[in-house]
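Data block below; observations after.
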Amino acid sequence: MSLTGPPRAIARDLLEDVPDARGMSGTVMAMRRGAHSVTLPSMEAVESFLEDRSFEEIQALGFDVDVNYVDLADLARWLRETLGDVELADEVAEIASSGRPFGPTAGEVKRLLAERIEQCHEVLGIPTRSFGDG
Amino acid sequence: MATDGFAGRIIKVDLTTRKVEVIDTDPYKEWGGGRGIGTALFWEMCEDKTVSGLDPKNVVTITPGRFNGTPVASGARTEVQAIGPQVYPTEMFTSSNFGGRWGGMLKLAGYDSIAISGKADSPVWIDIQDDQIQIRDASEVGDAIWGLDTYDTQNRVWDLLGANEDWRAGDRRDSGRTTQRSAILTIGPAGENLCYDACLVHDGGAGAGQSGFGAVWGSKNLKAISVIGTGSIEIADPAALWDTRAWLRKEYMFDVQNVTPAGPAVTTDTMAGRPGTGQCVVGVGRPEACMGCHRSCHGKRVVGGIGNGSQCGDSWYLPYEKMLTKAKSETLEVSGRAAELVQRLGINAYSTACFTRYLNELNKLGLVGKGNVVDTDLFEVGPLGSYAWAEALCERLAYRKEVGELLALGPARMGEKLGRYEEDTKSGILLIQSHGYMHHYDGRTEAEYGLSSMLGARDLNDHTFNYVTFWLPTLFYLYKMESPIPAGKLAEIIGSKVLPYKDPMMVDYSDEGMYSESMVKLVSWHRHYSQFYKASLGLCDKAFASFIAVQREDLAGPTPEVEPRLMKSVMGEEVTFEQGMERGERIDNFERAILILQGRDRDQEVYSQYMYEVPESLVGDQRYPSVLPVFENGEWSYKNVTGRTVDRDKLEQWKSLYYEFKGWDPKTGWPTRATLEKLDLGFVADALESAKKIGGTA
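Going down the list, the sequences are from chains S and B.
Position in the first sequence (first residue = 1) + 6 = the numbering used here.
Position in the second sequence (first residue = 1) + 2 = the numbering used here.
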């Protein structure tokens, strides 16, 4: 799967944070402490939040397990309506409607988002992906 | 000393008179230990049970479960009980529970409980070294621990006792020897400053988090209790206990050479499934265990020299940091530091998570800022998710600075103070499910979790069914893999084990099942098991009840066979599983009588408004899968029941069924005399009758 590069005009927008009220909702599902909501303000935050883990890796965590959950259909809608990235939204929507489970597809979506972020960096001349300072 | 798992003595401390009394445990043995004994002590010692949590007349008990100090695996929990300031709207008798070494050490020093009344006129701490019990000066002119955080307090006490140098119990030749440091339970600045969500912390983070007992200690000018014991606990049949452990190991324990591939949920069983990681929830850690436990599920993280580290509290800030950070390593670092922050300051991590969520939602509504409804510059200190934000929140809360004055009231009273409680618990942005507590699991989907909490005085936080009925199917759903245990088989196994009811329909979480007579039995079973086997004997929530063992052909775990075996070997009594459940029912009624004297009736046993009106979610339309066993159209399956609401009328009908099942008056929810007398609680019936609060008909 490969995305065409984003036009320069929207590349910066795709990397920007949106206001809280327009952020993407996610849930941290944790065995010991229940479910807790998060509002993800940017595509980069969503990419960071999604995890590419196999079931075996989940198993190995025992009751330390937590799952970072995002409804992928909602994510496609958010990418389309809030960020305006129609191509990426279509790709995510296709995965979301495939009937395949969340676990493995979360990794696919994560890789798609990472690809888009790298493209934005390229278009904008950002040499390496910078990680936030937390 | 009797050979029944008891140490034989109970300490009573009156802080007002600074009098210490040691009494015999014998009259209290009928209550089993832990919560049962603590309830009996509170009943006797707290003369006016309607006082607030911070009133000197409040009595706080700290009572190890019966199995503490013995080689029972996963049996080192200790109960704290008192009137808790966190309970809302009326402060009521409630509890909290912690592991680690403290309970075992108190037993080894020769005591089954410590009950504290009154209020010291200046800060004190209690130093217990075997038979020597001293009330010591905690102030600056004394041992100078008042004002310290929980870690510095523990290190200072160890220095005072010489434990950091020579690793023994004082200098008395005949005091016995031990390689252990004293076990210390302490409050931090939040407790000293009477924050309603202040907790008690032991070692790195094995704390009694919920209910505000840190503030209760602070109100009594009690900083810490240090205990070191060099004795031992005699049990009825040590050989039988080892046989039981060997039997569990052979029949139920994971084989480290051939770990059974199964869902993570079943790893929480006492022996079965897979070994735990033994790590901290966030960050690199070293496995550590509570005293006597083989599981080593606590993680010791970065905290120098303080073991038995954080558990749930380790990750209170993790969701928020995930909103901000782009590299997981940074997430772990900041969340780990934030965990240490709440542990050091002595703040309940779960309430802090509730505050953070509520403030974030209010901020989104434009209600937070200087001169605004919530008058604070908190969101200007740094973005939510940064360490700076977490530090500002916790410091202000613990020291009642700036917005901390408001936060110190706890989330529910904060909402009330803002004049927003009704509105925000209707929308659900103030996520208080019942009685002032944020839920761990949502009663709109996990019915027994919500109902068991609503019928008590706190978020029950008991995962007996949650691991196997929610987590097991939900994780397999997320990966669309076939569960190792079909829903019908799960119901069959659990149904065969939930004595005396033996009803597989108890785990039917369908729309109909959650209001059924079988759900009445499930909630009763849940509460009775929790009251006796966990809270009174000290069995750990992470291990018991043990329904499932995936590596066995029959998939069946050791409950209800293991509990009587443990009781017989430790206590020397032939107690059937069902008799243990009856003891749980007795404690449940005893505890309920105290709540009733404090004003509890049927009308108070309700959820917050959002539970009835807002489809199950965390905020707005946010959903996550909640997959549970259901029996629909004549067959069992696992089903995603997310997005459900509670039907108020059906819940009220269900409550009537529940009260009748329990022998309580369905009009009021008060036990009848006949019910109480059947449970040998005639003296409780007398007290309720005097207060004109005895149930009329069952």
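Glycine is no exception: its CB is placed at the ideal position from the N, C-alpha and C atoms.
In this text the structure is predicted, and so the values were computed from the model without any measurement.
Proximal residues, the segment 88-104 of chain S versus chain B, C-beta separation under 8 Å: Residues of the segment 88-104 of chain S with a C-beta atom less than 8 Å from some C-beta of chain B do not occur.
Proximal chain B residues relative to S:Leu46, where beta-carbon distance stays under 7 Å: The residue you call residue 46 of chain S lines up with position 40 of the first sequence. Under the 7 Å cutoff, chain B gives Met325.
Reference S:Glu62, options B:Met569, B:Leu477, B:Met293, B:Lys570, closest by Cα: Residue mapping note: residue 62 of chain S aligns to position 56 of the first sequence, counting from 1. Taking only the C-alpha atoms, the option nearest S:Glu62 is B:Leu477.
Three or more C-beta pairs below 8 Å linking the segment 66-79 of chain B and the segment 44-51 of chain B: Below 8 Å, too few C-beta pairs join the segment 66-79 of chain B and the segment 44-51 of chain B to call them touching: fewer than three.
Residue of S:Arg117, S:Glu87, S:Ala36, S:Ala51 minimising C-alpha distance to S:Asp72: Here residue 72 of chain S refers to the residue found at position 66 when the first sequence is read from its first residue. Cα-wise, what sits closest to S:Asp72 is S:Ala36.
Contacts of B:Met255 in chain S (Cβ-Cβ under 8 Å): Here residue 255 of chain B refers to the residue found at position 253 of the second sequence. Result: empty, since nearest Cβ-Cβ is about 14 Å, beyond 8 Å.
Short CB-CB distance (under 8 Å) between B:Pro321 and chain S: Residue numbering aside, residue 321 of chain B sits at position 319 when the second sequence is read from its first letter. Judged by the 8 Å Cβ criterion, B:Pro321 is in contact with chain S.
Within 8 Å, strictly: CB atoms of B:Asp703 and B:Pro631: Outside the modelled stretch of chain B, which goes from 3 to 700, sits residue 703 of chain B, for which no answer is possible.
Inter-residue CB distance, B:Lys222 and B:Ala140 (contact presumed, cutoff 8 Å): Within the second sequence, residue 222 of chain B is the residue found at index 220, counting from 1. Within the second sequence, residue 140 of chain B is the residue found at index 138, counting from 1. Going by Cβ atoms, the distance from B:Lys222 to B:Ala140 rounds to 12 Å, so no, they are not a contact pair.
Element boundaries [alpha helix (DSSP H), containing B:His530]: For the purposes of this step, residue 530 of chain B is taken as the residue at position 528 of the second sequence. Counting along the chain, the alpha helix (DSSP H) containing B:His530 begins and ends at 519-531.
Cross-strand partners of B:Asn99 (DSSP beta bridge): For the purposes of this step, residue 99 of chain B is identified with residue 97 of the second sequence, where counting begins at 1. B:Glu81, per the DSSP bridge assignment.
6 Å CB neighbourhood of B:Pro562 in its chain, flanking five on each side removed: One-based indexing of the second sequence puts residue 562 of chain B at position 560. Closer than 6 Å at the Cβ level, and outside the excluded window around B:Pro562, lie Lys499, Leu501, Phe579.
Per-residue burial, S:Asp139 [other beta carbons within 10 Å of its own, 16 or more giving buried]: Numbered from 1 along the first sequence, position 133 holds the residue referred to as residue 139 of chain S. Its pLDDT being 37, under 50, S:Asp139 is placed unreliably in this model, and the value from its coordinates should be taken loosely. With fewer than 16 other Cβ atoms within 10 Å, it is exposed.
Residues sharing a beta bridge with S:Leu46, DSSP: Position 40 of the first sequence, counting from 1, holds the residue named residue 46 of chain S. Partner(s): S:Met30.
Cβ pair B:Ile130, B:Ala111 closer than 8 Å: Position 128 of the second sequence, counted from the first residue, corresponds to residue 130 of chain B. Position 109 of the second sequence, counted from the first residue, corresponds to residue 111 of chain B. For B:Ile130 and B:Ala111, yes; Cβs fall inside 8 Å.
Three or more C-beta pairs below 8 Å linking the segment 414-431 of chain B and the segment 585-601 of chain B: Segment contact: the segment 414-431 of chain B against the segment 585-601 of chain B, fewer than three CB-CB distances shorter than 8 Å; contact not assigned.
Beta-carbon proximity of S:Gly11 to S:Gln125, cut-off 8 Å: Working through the first sequence from its first residue, we reach residue 11 of chain S at position 5. Working through the first sequence from its first residue, we reach residue 125 of chain S at position 119. Less than 8 Å divides the Cβ of S:Gly11 from the Cβ of S:Gln125.
Limits of the beta strand (DSSP E) - the one that B:Ser317 falls within: Counted from its first residue, the second sequence places residue 317 of chain B at position 315. Segment: none, B:Ser317 is in no beta strand (DSSP E) and carries neither H nor E.
8 Å CB neighbourhood of B:Ala394 in its chain, flanking five on each side removed: If you number the second sequence from 1, residue 394 of chain B lands on position 392. Counting only Cβ-Cβ distances below 8 Å, and skipping sequence neighbours, we find Leu380, Val383, Gly384.
Interface flag, B:Ser353 vs chain S, CB-CB below 8 Å: Residue 353 of chain B sits at position 351 when you count from the first residue of the second sequence. Taking Cβ atoms only, chain S never reaches closer than 8 Å to B:Ser353, which makes this a no.
Residues near S:Leu130 in its chain [Cβ-Cβ closer than 8 Å; skip 5 each side]: By 1-based counting over the first sequence, the position of residue 130 of chain S is 124. Closer than 8 Å at the Cβ level, and outside the excluded window around S:Leu130, lie Arg14, Ala17, Arg18, Leu21.
Pair within 8 Å by beta-carbon distance, B:Pro58 and B:Ala217: Start at 1 with the first residue of the second sequence, and residue 58 of chain B comes out as number 56. Start at 1 with the first residue of the second sequence, and residue 217 of chain B comes out as number 215. Here B:Pro58 is not near B:Ala217, since their CB atoms are 8 Å or more apart.
Opening and closing residue of the alpha helix (DSSP H) in which B:Thr63 lies: For this step, residue 63 of chain B is matched to residue 61 along the second sequence. Run containing B:Thr63: none in the alpha helix (DSSP H); it sits in the beta strand (DSSP E), 62-66.
Within 8 Å, strictly: CB atoms of B:Gly101 and B:Ala208: One-based indexing of the second sequence puts residue 101 of chain B at position 99. One-based indexing of the second sequence puts residue 208 of chain B at position 206. In contact: B:Gly101 and B:Ala208 (Cβ atoms closer than 8 Å).
Unbroken alpha helix (DSSP H) run spanning S:Ile16, endpoints: Start at 1 with the first residue of the first sequence, and residue 16 of chain S comes out as number 10. Counting along the chain, the alpha helix (DSSP H) containing S:Ile16 begins and ends at 14-21.
Proximity to B:Asp603 [Cα-Cα], best of B:Phe663, B:Trp638, B:Pro673, B:Arg567: Translated into positions along the second sequence, residue 603 of chain B becomes position 601. Ranking the options by Cα distance to B:Asp603, first place goes to B:Pro673.
Three-state class that DSSP yields for B:Trp219 in the structure shown: To locate residue 219 of chain B, count along the second sequence from 1; it is residue 217. The answer is helix: DSSP assigns B:Trp219 an H, G or I state.
Contact under 8 Å by Cβ, B:Ala210 with B:Cys197: Taking the second sequence and counting its residues from 1, the one referred to as residue 210 of chain B is at position 208. Taking the second sequence and counting its residues from 1, the one referred to as residue 197 of chain B is at position 195. For B:Ala210 and B:Cys197, no; Cβs fall outside 8 Å.
Selection of the segment 455-473 of chain B by Cβ proximity to chain S, strictly under 8 Å: From the segment 455-473 of chain B, only Tyr469, Trp473 have a Cβ closer than 8 Å to chain S.
Residue range of the unbroken beta strand (DSSP E) whose run includes B:Leu187: As a first step, residue 187 of chain B must be located in the second sequence, where it is residue number 185. 185-188 is the span of the beta strand (DSSP E), which, as asked, contains B:Leu187.
Neighbour flag for B:Thr272 against chain S, beta carbons, 8 Å: Mapped onto the second sequence, residue 272 of chain B falls at position 270. For B:Thr272, the predicted model reports a pLDDT of 48, less than 50, meaning its position is unreliable; a value from the coordinates is still stated below. Not one chain S Cβ lies under 8 Å of B:Thr272.
Three-way DSSP call (helix, strand, coil) for B:His300 in this model: For the purposes of this step, residue 300 of chain B is identified with residue 298 of the second sequence, where counting begins at 1. Assignment of B:His300 by DSSP, reduced to helix, strand and coil, places it in the strand class.
Beta-carbon proximity list for S:Gly40, same chain, < 7 Å, skipping 5 on both sides: Numbered from 1 along the first sequence, position 34 holds the residue referred to as residue 40 of chain S. Nothing listed; no residue qualifies.
Proximity test, Cβ basis, 8 Å: S:Thr33 and chain B: Position 27 of the first sequence, counted from the first residue, corresponds to residue 33 of chain S. By this cut-off, S:Thr33 is an interface position.
Partners in chain S for B:Leu730, counting only beta-carbon separations shorter than 8 Å: Coverage of chain B is limited to positions 3 through 700, which leaves residue 730 of chain B absent and any answer about it impossible.
Own chain residues within Cβ distance below 6 Å of B:Ala185, not counting five before or after: For the purposes of this step, residue 185 of chain B is taken as the residue at position 183 of the second sequence. Spatial neighbours of B:Ala185 in its own chain (CB-CB distance under 6 Å, excluding positions within 5 residues in sequence) are listed in chain order as Arg103, Trp104, Met107, Val229.
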